[in-house]
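A quick write-up on the structure given underneath.
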Amino acid sequence: MFKAVLFDMDGVIVDTEPLHRKAYYQMFDAVNIEVSEALYASYTGQSTFNICESVIAHFKLHLGPRTLVDMKRDNFKTLFENDSSLQLLEGALELIKDYHRHGMTLVLASSASMNNINRIFERFDLNPYFVGKVSGADLKASKPDPEIFVKAAELSGHSKNECMVIEDSTNGINAAKAAEIFCIGYDALHSKDQDYSNADLVISNFDEISVKNLANLSLSRAV
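Per UniProt numbering, the very first residue in the sequence shown carries number 1; after that it's consecutive.
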């Protein structure tokens, strides 16, 4: 049986992607560039800083990445504070409570900045359920680099083979597998143009990985 769960945030716990998308495209418009759907999708799961570095390199912009990061984050903060439609994804809170109630250790491992992570956790009162949070924005490398999940596993206090990751992006899944941690790919309606082929298990409903169903999954892995 797994003892720790390493959660991604955007696209797994809460769907902030529409707000991030608006914030990024406001930034793209401000610097007069046109980012295709395919290019934008390739950035999913990466930190804002890495995305801005990639944008500057791709479009040969004469700007520093920090300038773009600040623009994007200011846009997101405004949208976050004024969009009352933002809610947790269906079944996410129930799954978190189920794991916590059964003594599982929960750690957040998100590419979002710690400020954005804390905004979400305070808005939806998630802090009581998690022992720690890791922001990819504070690390040297972004997903698909495994660093974020290696650190999250260490923070959980459990060995990697006692941990599992829940991810919705290609980059996140590849990061989990590079860290040699069992990975569940959450393929929901809001996830677009992502590759789940490297995930150990792909689900579309959180009921599939309730504690009760995880026991059966762990048992099948041991056979």
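Just so you know, even glycine gets a beta-carbon here, dropped at the ideal spot from N, CA and C. Because the structure is a prediction, the values reported are computed rather than measured.
Item                                                                                                               : Value
Nearest-angstrom Cα separation, counted from Ala112 out to Ile33                                                   : 23 Å
With 16 other Cβ atoms within 10 Å as the buried cut-off, status of Gln87                                          : exposed
Identified DSSP bridge partners for Val165                                                                         : Leu6, Cys183
Sequence-distant residues of the same chain with beta carbon closer than 7 Å to Glu53, five excluded per side      : Pro65
Pick from Leu217, Leu214, Tyr186, Lys192 that is closest to Ser204, judged by C-alpha positions                    : Tyr186
Exposure label - Asp10; buried when at least 16 CB within 10 Å                                                     : buried
Buried or exposed (CB count within 10 angstroms, at least 16 for buried), Val223                                   : Per-residue confidence for Val223 stands at a pLDDT of 38, beneath the threshold of 50, marking its modelled position as unreliable; no derived number is given.
Start-to-end residues for the alpha helix (DSSP H) that takes in Ile148                                            : 147–156
Whole runs of the alpha helix (DSSP H) within the stretch 49–129, excluding any shorter than 4 residues            : 65–82, 92–101, 114–123
Proximity to Ala38 [Cα-Cα], best of Asn75, Gln194, Asp70                                                           : Gln194
Close-in-space but distant-in-sequence residues of the same chain around Val150 (CB under 6 Å, 5 per side omitted) : Ala179
Integer Cβ distance of Phe59 from Asn116, believed to fall under 8 Å                                               : Incorrect: roughly 25 Å between the Cβ atoms, too far for contact.
For Ser85 and Leu139, the rounded distance between their alpha carbons                                             : 31 Å
Outcome for Asp83 when other beta-carbon atoms lying within 10 angstroms are tallied against a minimum of 16       : exposed
Cβ shell of Ser142 (< 7 Å), same chain only, five flanking positions each side left out                            : Gln46, Ser47, Asn50, Ser111, Gly136
Endpoints, beta strand (DSSP E) assigned at Gly132                                                                 : 132–135
Member of Ile120, Ala152, Val211 whose CA lies at the smallest distance from the CA of Ala176                      : Ala152
Candidates Ala4, Gln26, Asp200, Val14: closest to Phe121 by CA position                                            : Val14
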